[in-house]
Structures are given as structure tokens and as C-alpha cells.
Amino acid sequence: MLEQSVSLTNSHECSCESIFTSLVEVLKKELIVYQELKEAIISEKMILKKPKLDEINHVNAVKENIILKARMLEEARGNILKKISRNLDINVNGIKLMQLAEYAGYEQRKEIEIIRNELTLISQEINALNEANKDLLNASMTNIKSSLDFINSIRSSQSVYLECGKMKSVEKNGIYLNKAG
């Protein structure tokens, strides 16, 4: 009787081991996709510094494709985690990757932990790069708005001169314009 339960346990462990192997493979693919995304964002930063519309459109299409891949892998990872939870008879709600990894073999657990740490690091790098790109775009938008405000003030029908002959100051000058006139 004891031998039957041991063989069932070994069978159960083998089943979970293959699922954990699938999880490791999906995590590795996610890491590759996130690396692609990071490289695309770095490329985007270079393009934003010297923008060309077709290059911006191309890098946006590349990023959208990478993000789609990442979402598909995220869904696959979620399905594998659910399968592991079902096999181990654990409630999947609120459970974290490393909690489930505790049920994996030592080598798989270590591999999952390493990949998770790499994913965390690359996610932080991607967030920092996105913030830098956002700052570049915001600075560009501010410059454009200031330039448009200045051009609109020049085109307005109001006189540019005061009664004494001096020039009126423009409320919003472009950043690179000199006030001396």
C-alpha cells in the first residue's frame, strides 16, 4: 500500500516537473521579449533626438509587435501557473511566482528565481528609459507650444510697439529667442 502512494507521489512530481519546465521556458522567452522591448525603446530615444516621421512610425510598430508578444507570453505564463496550482491543489488567487516555485525541484527553483530577478531588472530599466523618452517628448512639446505662441503673438493684429516707441514684451517667448530688440 505504501509503495502505491510513493509511485503516485513520484508520478505527481514528474507531472509538475514538466509543467515547471514549461514555466521556465516561457519565462526565458519573456526575458528575450523584454530585452527586445528595451532595445526598441533605446532606439526610440535616438530617433526622438533627431526625429524622422517614418523612423518614429517604424519603431512604434516594432514596439507594438513586441508588446503583443509579451502579452501572449504573459497569458501563457498565467495558464501554466494555473495548471501548476491545480496539480498541487493550491488556490491560484493571490499566489506569486516564487511561492509556486517553492514546489519545483531545486534546479528549476533556482532557474526561476534567476529569470524572475532578470525580468524585474529589465522591467525597471524599461521604465527608466520610458521616463527619459517621456521627458524628451514633453520638452519638445513645450518648445513647440512656446514657438507657436510666439508666432501667434507676431501674427496678431495688436501693435508690437508701446506708445513711447519701445517694443511690447511678448507674454511667452520661445526658449531660444532673445528679448533684446
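Mapping of the sequence shown onto the working numbering: residues 3 to 183, in sequence order.
We treat Cβ as the ideally placed atom computed from N, Cα and C, and that holds for glycine.
The structure presented is a predicted model; accordingly, all values stated were derived computationally and were not measured.
- Note on Glu46: 16 or more other CB atoms within 10 angstroms of its CB, so buried under the neighbour-count rule.
- Inclusion of Ile117 and Ile21 in the CB contact set at 9 Å is not warranted, their separation being larger than that value.
- Of all alpha-carbon atoms in Thr23, Leu33, Asp151, Glu41, the one lying nearest the alpha-carbon of Asn132 is that of Glu41.
- Note on geometry: alpha-carbon atoms of Met74 and Leu150 lie some 43 Å from one another.
- With contacts defined by Cβ atoms closer than 9 Å, Asn135 and Ile43 form a contacting pair.
- The distance from the Cβ of Leu39 to that of Ile58 is about 16 Å, inconsistent with a contact at the 8 Å cut-off.
- The beta carbon of Lys31 lies closer than 6 Å to those of Leu75 in the same chain, with the five residues before and after it left out.
- Residue environment: Ala103 is assigned as buried (16 or more neighbouring CB atoms within 10 Å of its CB, all protein chains considered).
- Between Ser24 and Ile114, the gap from beta carbon to beta carbon reaches 9 Å or more.
- For Asn145, the uninterrupted alpha helix (DSSP H) segment begins and ends at 108-157.
- When rounded, the separation of the alpha-carbon atoms in Leu138 and Lys147 is 14 Å.
- Cβ-Cβ distances below 6 Å link Val64 to Ala42 in the same chain, with the five nearest sequence neighbours on each side left out; the list follows chain order.
- Between Ala78 and Val35, the gap from beta carbon to beta carbon reaches 9 Å or more.
- Apart from the 5 residues on each side of it in sequence, Glu165 has no Cβ closer than 7 Å to any other Cβ in its chain.
- Here Asn93 carries a coil assignment [DSSP, helix/strand/coil].
- By the neighbour-count criterion, in which 16 or more other beta carbons inside 10 Å mark a residue as buried, Ala106 falls on the buried side.
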